[in-house]
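Worksheet: the structure to be examined is printed underneath.
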Amino acid sequence: MCTTWCPIPQSPDTDPHFPSCRFAKAAKPVAKMMKQFRCIACLAVVLSVAVLPLGAQTMQTTFGKNRVQYHDDFDEWMMYESPNFITYWYGKGRNIGQAVVQLAEYDFYEIQGIIDHRINDKLEIIVYTDLTDLKQSNIGSEEAFENTTGQTKIQGNKIFVYFDGDHRHLRRQIREGIASVYLNSLLFGSNLQEIVQNAVLLNLPAWFKEGLIAFVGEKWSPELDDQLRDALLSGQYDDFDDLAEDNPRLAGHSLWYFISEHFGVPTVSNLLYLTRINRSVESGFLYVLGSTFSKTAESWKNYFTQRYKGELKMGVPPDEAFAIPVKNKRQLPLTQLKVSPDGKKIAYVLNEIGRYRVWVQDVTAGTRELVFHGGFRNAFQATDYNYPLLAWSPNGQELAILYESRDQLKLRRLNFYLDDEAEELMPEQYQRIYSMDYLSPNELVFTASVNGFSDIFLYFISTRQTQRITNDFWDDLDATVVHVRNRKGILFASNRPDSLKVDAPRLDTVLPIGHFDIFYYDLEGKPDEFVRVTHRPWPTSGSPSRSTPPGSASSPMRPASSTGKRAIWKPICTTTTRWCACATAPSSSSTPTRA
């Protein structure tokens, strides 16, 4: 096992291969180490079994169902060991594993201070390159991978995380995982007797634990504020308990946020401690806040309701004249809303817990056609809303559908003019593709993950060749082709701190966890720097805060309107750009969190 750890980033002169930290050298093949260990152990047994009693010690690992795995990358795992964590990664996940170690150590003491608890053992983090690999894992019991949307998976002191192109989401998973492990240890103990005793006597509501984990995982954000606003102003919930029954994570997160804002963050630790000691939530609120839980919940409702009603006076409701009705009786999540270049058709995906259908709908007539379907319903694992991706060709005659089948990426092109279709396998270098748009009839623009970093690529359909545009550790997502003054360019969201176009293929001392801004790249001039379109000094969180085109892959939604009708809102489109061609009024109480 590796024992080297460097808490302070080293200079490139000290370590040219990993400028961010020397601990990367400590990675060793776990499988090879285990083979050497077994050989030595067998020899020791042969020499000592006749004269000494034999004792054995092994690491206890629970295995779930024998899931189908479509590659052999899981055969050899590597590890990093740091002061508080042991991080495992495999295959092409080195860069993700390195980021996980740095992020975990970066946030560890803050989380430990909020929960005010200590654990002697190091936490183990299992890192997967994407959600598909996580769903193939056989590590952990089946209960650990149940479809608890938006929650980090844990099993004992093991935390399971995956990369989706956004290091902030990776950081949120790590923070939630650490909080879950520490909270379980604090509330239920570490040995079997304590766990059984506290599980019987300490009957906590779902919002208490789920909300606290979400509160530690990420700060209150505009996206969460929108979800709570829609829920409270919808008239469906009379009080906190009604919302907590339907959405315990959102209700709990908002209540912990309310408490921290009005009474301070240390109050959260005090509430946790006294709730555990008295084995009662009501007693914890009385001792710490000096009021009952019901009065606190009433104050919570009054605070947010008055705030949101005041904001309504500043907003303008969408015009019903632009509403496009969509048949969606089961209110399934709608993703990848794409408008054809002439504005006459829309394409979108309806996803039913993994079983998806691609529809093309005529805007004027309202008729629609099912053009593709795939996947299967899976209520036990997190739904992957990233696939399929959709894109219209510049002339509107072709719709490209990029989907995943048996861990292989496939590109299907439907030509409505010729009533023809073609399909091809994508190059294996793409670990995952996050967005897709046409540059020309033969060229596509991707944002994709390669070797654990998300970058922008040009893909040539006829030759299946790839041209890389960015090559750095910053997150580049949601690339969209635009036409500005008769020049072609790419708008994309990135958390890079400046507009310089510099190759930085290795993680640096500055972690890519800043807020997202919009950048522009001129494809014809191909300069050495980007044009920064927005510059927001405040932190943001979630896909809508990246200013992504509504209906993009990173924004699963359920179309709705203030009148309760299911609809998609279509404002006036411009001819200079196809970006932001459509918008929606999402019903956030049922909007799935990005998995």
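The sequence shown begins at 1 in the working numbering and counts up by one.
In this text, a Cβ means the ideal position worked out from N, Cα and C, and glycines have one as well.
Check, Outcome
"Cβ-based neighbour list, Q60, same chain, cut-off 8 Å, excluding 5 preceding and 5 following", "Confidence is the limiting factor: at Q60 the pLDDT is only 44, short of 50, which leaves the residue's position unreliable and the question unanswerable from this model."
"Closest by C-alpha distance to L477, when choosing among V484, F453 and D498", "F453"
"Residue from P427, I346, N471 and R175 whose Cα sits closest to the Cα of I461", "P427"
"Within 8 Å, strictly: CB atoms of I174 and I154", "no"
"Boundaries of the beta strand (DSSP E) in which N138 is found, first to last residue", "Unbroken run through N138: none, as it is neither H nor E."
"L511 beta carbon less than 8 Å from that of K488", "no"
"Backbone CA spacing between R532 and I518 [nearest angstrom]", "6 Å"
"Backbone secondary structure at S499 - three-state DSSP", "coil"
"K327 versus Y385: straight-line alpha-carbon distance, rounded", "19 Å"
"Endpoints, alpha helix (DSSP H) assigned at R171", "H167 to F188"
"Opening and closing residue of the alpha helix (DSSP H) in which G211 lies", "A206 to G217"
"N415 versus Q397 - alpha carbon distance", "6 Å"
"Coarse secondary structure for S283, derived from DSSP in three states", "helix"
"Under 8 Å between C-beta atoms of A448 and L390", "no"
"Three or more C-beta pairs below 8 Å linking the segment 167-181 and the segment 217-224", "yes"
"Helix, strand or coil at T58 according to DSSP, with G and I counted as helix", "Only weak support exists for where T58 lies, its pLDDT of 33 falling under 50; the coordinates are left without a value."
"Nearest neighbour of P325, chosen from P394, E423 and G366 [CA to CA]", "G366"
"Cβ neighbour criterion (16 or more within 10 Å) applied to L370", "exposed"
"CB contact flag (V268, I277, <8 Å)", "no"
"Contacts around W89, its chain only, beta-carbon distance under 6 Å, and the 5 residues preceding and following it disregarded", "M78, G97 and V127"
"Which residues DSSP lists as bridging S494, in chain order", "D476 and D517"
"R307 (DSSP reduced to helix, strand or coil)", "helix"
"Spatial distance of K135 from D407 (CA atoms)", "11 Å"
"Helix, strand or coil at G97 according to DSSP, with G and I counted as helix", "helix"
"I490 vs V445 beta-carbon contact at 8 Å", "yes"
"Whether L500 touches F473 by CB criterion (8 Å)", "no"
"Runs of beta strand (DSSP E) lying entirely within the segment 369-447, each at least 3 residues, in chain order", "389-392, 398-405, 408-415, 420-425 and 432-440"
"The segment 244-258 in contact with the segment 275-289 per 3-pair CB rule at 8 Å", "no"
"Extent of the continuous alpha helix (DSSP H) to which G530 belongs", "This sequence places Phe at residue 530; Gly is not what is there. Element bounds for F530: n/a, residue is neither H nor E."
"N351 - DSSP class collapsed to helix/strand/coil", "strand"
"Cβ-Cβ distance between L212 and I178 below 8 Å", "no"
"Terminal residues of the alpha helix (DSSP H) in which P266 lies", "P266 to N278"
"Separation of V100 from E599, as counted between CA atoms", "Any property of residue 599 remains undetermined from this structure, which presents the chain solely from 1 to 595."
"Neighbour-count burial assignment, K344, 16 or more Cβ in a 10 Å radius", "exposed"
"Neighbour-count burial assignment, P388, 16 or more Cβ in a 10 Å radius", "buried"
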